[in-house]
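Line by line, the protein sequences are chains L and R. So for the first sequence, the numbering used here puts the first residue at 127; every next one is plus one. So for the second sequence, the numbering used here puts the first residue at 127; every next one is plus one.
Number of protein chains: 2
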Amino acid sequence: MAKSMSLLWGAGSPPCWRVMITLEEKRLQGYKRKLLSFQKGEHKSQEVLELNPRGQLPAFRHGDVVVNESTAACLYLENRFQSQGNRLIPDSPAEQALVFQLSFTLRKQQKGYSVIYYDLLVPEEERHDSTLKRSKETLSTELQLWEGYLQNVWSISNHTPVSLRLTALSAGRFPKLAKYYSLLKERPSIKASWPPQWMSSRQGYGVLKDL
Amino acid sequence: MAKSMSLLWGAGSPPCWRVMITLEEKRLQGYKRKLLSFQKGEHKSQEVLELNPRGQLPAFRHGDVVVNESTAACLYLENRFQSQGNRLIPDSPAEQALVFQLSFTLRKQQKGYSVIYYDLLVPEEERHDSTLKRSKETLSTELQLWEGYLQNVWSISNHTPVSLRLTALSAGRFPKLAKYYSLLKERPSIKASWPPQWMSSRQGYGVLKDL
């Protein structure tokens, strides 16, 4: 089944990694995959644009089905291969609600991006220390909320496909996030799909040190 | 069943409206609901914070289950009441993938916010015409992508719970979005849940006129 699947992906992209973790969890190894370079602009190549008019990664195909939004791809894979590999969405409606709730609370990621990529996304003449300071405060508040969520979700944390995103980088001030990270990084699906370039790209995240 | 449900909501909030439309589609009328004022800061009240530590709306409860992320609430309601009212997620895996794909492609909304709320969110001394111009171009590109998606999704558009968000406001340059809007606004679930203050709040969207 996995032979009819193909994934175009980029290293260091949490949405790409999310799909790859899900494929591992569902025992869908053996799919065709190709690593493209964001730096070389390969995500804007014809090969990507044919699957994803946005020119963004991941670009995922299963037979005739194309799903590029990572969360959509994860849900599709879970529903299509429900009885294969690990169940990622529990049966109980209450647990299901909690998994959906946390899966769609993406603010941590977005708020992290606005800090990490500030220099990259905002032209120099439009940058302000005050904007960056405000963004850092917003991210810090967000991480505090996640620190709170983790009081309740240990028992179901292994149902949730997650990316590791900012978790590792914010370990100092957020012990529950740090513990969650230490559990996740030993999970076979995550070890198997860990992007090789991920470690080196962490160099750019120094901006997070003083959160 | 709907009697054990309660919704705290704010007018003019697409996430709140999304949940209300879904409740209508699933024939879950009769739930307890309370309109709060963003202007008066009522979304930061104790009543909200007890359900949603973010102090954001919607805050939705069904019995012991609390789901505040609007997309999570919609999925929960669809799964929990699958055979009641209208099916919002089709059975066919290919159609399902397309519904997930479009439901989670939220960029139009986010990019709209960065234009509409620019003056509100960014302090005056940090504002730049060039930033606003770039945001408008980004939104315009995004709407063009949606105009393209609508080539293919007429047949399943009635499965998808949507908010009307920017659609009505961008009718001039985007005829397929305009047609989609004109279909949606006649849908019973949408008419029944149309927020009374929605029309007047459109006054603030003049910034979109020259997209």
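Ideal Cβ positions, reconstructed from N, Cα and C, are used throughout, including at glycine.
Cβ neighbours of residue i in the same chain (closer than 6 angstroms, five flanking residues each side left out)
{"i": "methionine 146(L)", "result": "Ser319"}
{"i": "tyrosine 202(R)", "result": "Val193"}
{"i": "serine 132(L)", "result": "Lys158 and Arg187"}
{"i": "phenylalanine 207(R)", "result": "Lys152"}
{"i": "alanine 185(L)", "result": "Leu134, Val174, Leu177, Asn178 and Asn194"}
{"i": "serine 308(R)", "result": "none"}
{"i": "arginine 299(R)", "result": "none"}
Boundaries (first-last residue) of the alpha helix (DSSP H) holding residue i
{"i": "tryptophan 143(R)", "result": "140–151"}
{"i": "glycine 274(L)", "result": "255–275"}
{"i": "alanine 199(L)", "result": "196–206"}
{"i": "phenylalanine 226(R)", "result": "219–229"}
{"i": "leucine 303(R)", "result": "301–310"}
{"i": "alanine 318(L)", "result": "314–319"}
{"i": "glutamine 172(L)", "result": "172–177"}
Exposure of residue i, with buried meaning 16 or more beta-carbon neighbours within 10 Å
{"i": "glutamine 227(R)", "result": "buried"}
{"i": "leucine 247(L)", "result": "exposed"}
{"i": "serine 209(L)", "result": "exposed"}
{"i": "glutamine 222(R)", "result": "buried"}
{"i": "glycine 136(L)", "result": "buried"}
{"i": "leucine 271(L)", "result": "exposed"}
First and last residue of the uninterrupted beta strand (DSSP E) at residue i
{"i": "leucine 162(R)", "result": "158–162"}
{"i": "arginine 187(L)", "result": "185–188"}
Under 8 angstroms between C-beta atoms of residue i and residue j
{"i": "glutamate 268(L)", "j": "histidine 254(R)", "result": "no"}
{"i": "arginine 144(L)", "j": "cysteine 200(L)", "result": "yes"}
{"i": "serine 315(L)", "j": "glutamate 151(L)", "result": "yes"}
{"i": "leucine 154(R)", "j": "alanine 128(R)", "result": "yes"}
{"i": "histidine 169(L)", "j": "serine 130(L)", "result": "no"}
{"i": "serine 196(L)", "j": "proline 249(L)", "result": "no"}
{"i": "glutamate 273(L)", "j": "lysine 302(L)", "result": "yes"}
{"i": "asparagine 194(R)", "j": "asparagine 212(R)", "result": "no"}
{"i": "leucine 258(L)", "j": "tyrosine 275(L)", "result": "no"}
{"i": "valine 191(L)", "j": "proline 321(R)", "result": "no"}
7 angstroms CB neighbourhood of residue i in its chain, flanking five on each side removed
{"i": "leucine 175(L)", "result": "Gly181"}
{"i": "glycine 156(L)", "result": "Ala128 and Lys129"}
{"i": "serine 139(R)", "result": "Leu183"}
{"i": "phenylalanine 164(R)", "result": "Gly136"}
{"i": "serine 256(R)", "result": "none"}
Residue i (DSSP reduced to helix, strand or coil)
{"i": "valine 248(R)", "result": "coil"}
{"i": "serine 132(R)", "result": "strand"}
heavy atom of the ligand HEM below 7 angstroms from residue i C-beta
{"i": "leucine 133(R)", "result": "Ligands are entirely absent from the displayed structure, and the ligand HEM is therefore not among its contents."}
Beta-carbon neighbours of residue i, restricted to chain B and to distances below 9 angstroms
{"i": "threonine 148(R)", "result": "Although the question refers to chain B, the structure presented lacks it and instead comprises the protein chains L and R."}
Other residues of its chain near residue i: CB distance less than 8 angstroms, five sequence neighbours each side excluded
{"i": "leucine 149(L)", "result": "Ala128, Met131, Leu133, Gln155, Tyr157, Leu203 and Ser319"}
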